[in-house]
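Peer 1: One structure, pasted below without further comment.
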Amino acid sequence: MTATGCGLRLGVNIDHVATLRNARGAAYPDPLRAALLAEAAGADGITAHLREDRRHIRDADIDALMAGLSVPLNLEMAATDEMQAIALRHRPHAVCLVPERREERTTEGGLDVAGDAARLARFIAPLAGAGCRVSLFIAADPGQVEAAAEVGAAVVELHTGAYCDLHHEGRLAERDAELARLTAMARHAQGLGLEVHAGHGLTYETVAPVAALPEISELNIGHFLIGEAVFLGLEASIAEMRSRMEAARG
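The end of the sequence shown is residue 252 by our numbering, with every number in the run present.
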């Protein structure tokens with residue numbers, strides 16, 4: 003991946019373009035078109051979550067993204083045999099393993115790496131062998147960070163959802179405590195040789211303190227940018243987010 007002038011990359015998640023398409027059962031809006039617009043606007047990568055129930059991104063979207071993008075694709079997926087086979091067939095730049103439950107609206111919490119370490123180590127090995135950078139989406143918890151390093155992941159993506167929710171609920175002391183945990187775990191993960199990413203729920207209001215953390219090399223942001231695109235257009239919403247990231251890091 004390339005990076006911004008501040009050394010911090012922006013991955014744009016285009017899942018909810020597919021959500022809008024699927025709500026009508028039409029062929030539009032096209033997630034690939036959104037991904038190409040994001041690329042033109044300066045996104046360093048594209049993230050897409052292929053869920054077991056295909057509620058937004060579908061297999062054909064992954065085919066199109068792999069064929070059409072010039073920037074790297076980060077394929078989010080559950081650690082299942084079906085998804086492993088899909089990833090091994092496509093060999094995207096990155097694979098991010100996330101927890102997944104059918105009844106959830108969006109990913110809730112981080113992956114329990116410590117509680118499933120042996121299986122995840124076996125799961126990750128062929129993906130890494132195929133050239134995919136394997137990332138684990140985890141809470142800011144030392145046991146999970148240490149387990150991620152032990153099972154062979156190259157990257158951890160720290161779950162920023164709790165921090166963002168606490169901010170928007172006005173629970174500022176709890177928000178600051180969660181930000182302190184994110185700060186400490188970013189430092190801990192880097193110290194263990196892991197590349198550190200962060201994402202989930204980030205907005206214009208919440209991005210700066212996370213972007214300012216020097217250990218973090220990439221932010222993955224989707225739902226908020228797609229929502230803002232309704233009012234500003236996708237290129238403008240991405241440009242504003244990048245501007246805030248660069249100001250925080252600079």
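For glycine and all other residues, C-beta sits at the position ideal for the given N, C-alpha and C.
1) The alpha helix (DSSP H) spanning Leu10 covers which residue range?
2) DSSP beta-bridge partners for Gly137?
3) What is the DSSP secondary structure of Leu71, counted as helix, strand or coil?
4) Please report the straight-line C-alpha distance between Met187 and Pro144, rounded to a whole angstrom.
5) According to DSSP, simplified to helix, strand and coil, what is Gly145?
6) Let me confirm a value: Gly201 is counted as buried when at least 16 other C-beta atoms fall within 10 Å, else exposed. Which label applies?
7) Is the beta carbon of Ile228 less than 9 Å from the beta carbon of Ser239?
8) Quick one: what's got a C-beta closer than 7 Å to Glu176's C-beta in the same chain, skipping five residues either side?
9) Suppose you measure from the CA of Val232 to the CA of Ala120; what does that come to, to the nearest Å?
10) Quick one: what's Met79 bridged to in DSSP?
Peer 2: From the atom records:
1) Against the sequence shown, residue 10 aligns to sequence position 8. Bounds of any alpha helix (DSSP H) do not take in Leu10, whose DSSP letter is neither H nor E.
2) The sequence position of residue 137 within the sequence shown is 135, counting from 1. Note on residue identity: the sequence assigns Ser, not Gly, to residue 137. DSSP output for Ser137 lists Cys98, Val157 as bridge partner(s).
3) Position 69 of the sequence shown holds residue 71. Correct three-state label for Leu71: coil.
4) As a working note, residue 187 is residue 185 in the sequence shown. As a working note, residue 144 is residue 142 in the sequence shown. Put simply, the backbone Cα of Met187 is about 7 Å away from that of Pro144.
5) Numbered from 1 along the sequence shown, position 143 holds the residue referred to as residue 145. DSSP places Gly145 within a helical segment (H, G or I) once states are collapsed to three.
6) Start at 1 with the first residue of the sequence shown, and residue 201 comes out as number 199. It counts as buried.
7) In the sequence shown, the residue the question calls residue 228 occupies position 226. In the sequence shown, the residue the question calls residue 239 occupies position 237. Yes, they are a contact pair.
8) For this step, residue 176 is matched to residue 174 along the sequence shown. Within the same chain, Glu176 has close Cβ partners Leu168.
9) For the purposes of this step, residue 232 is identified with residue 230 of the sequence shown, where counting begins at 1. For the purposes of this step, residue 120 is identified with residue 118 of the sequence shown, where counting begins at 1. The alpha-carbon separation between Val232 and Ala120 amounts to approximately 44 Å.
10) The residue labelled residue 79 in the question sits at position 77 within the sequence shown. Paired residue(s): Leu99.
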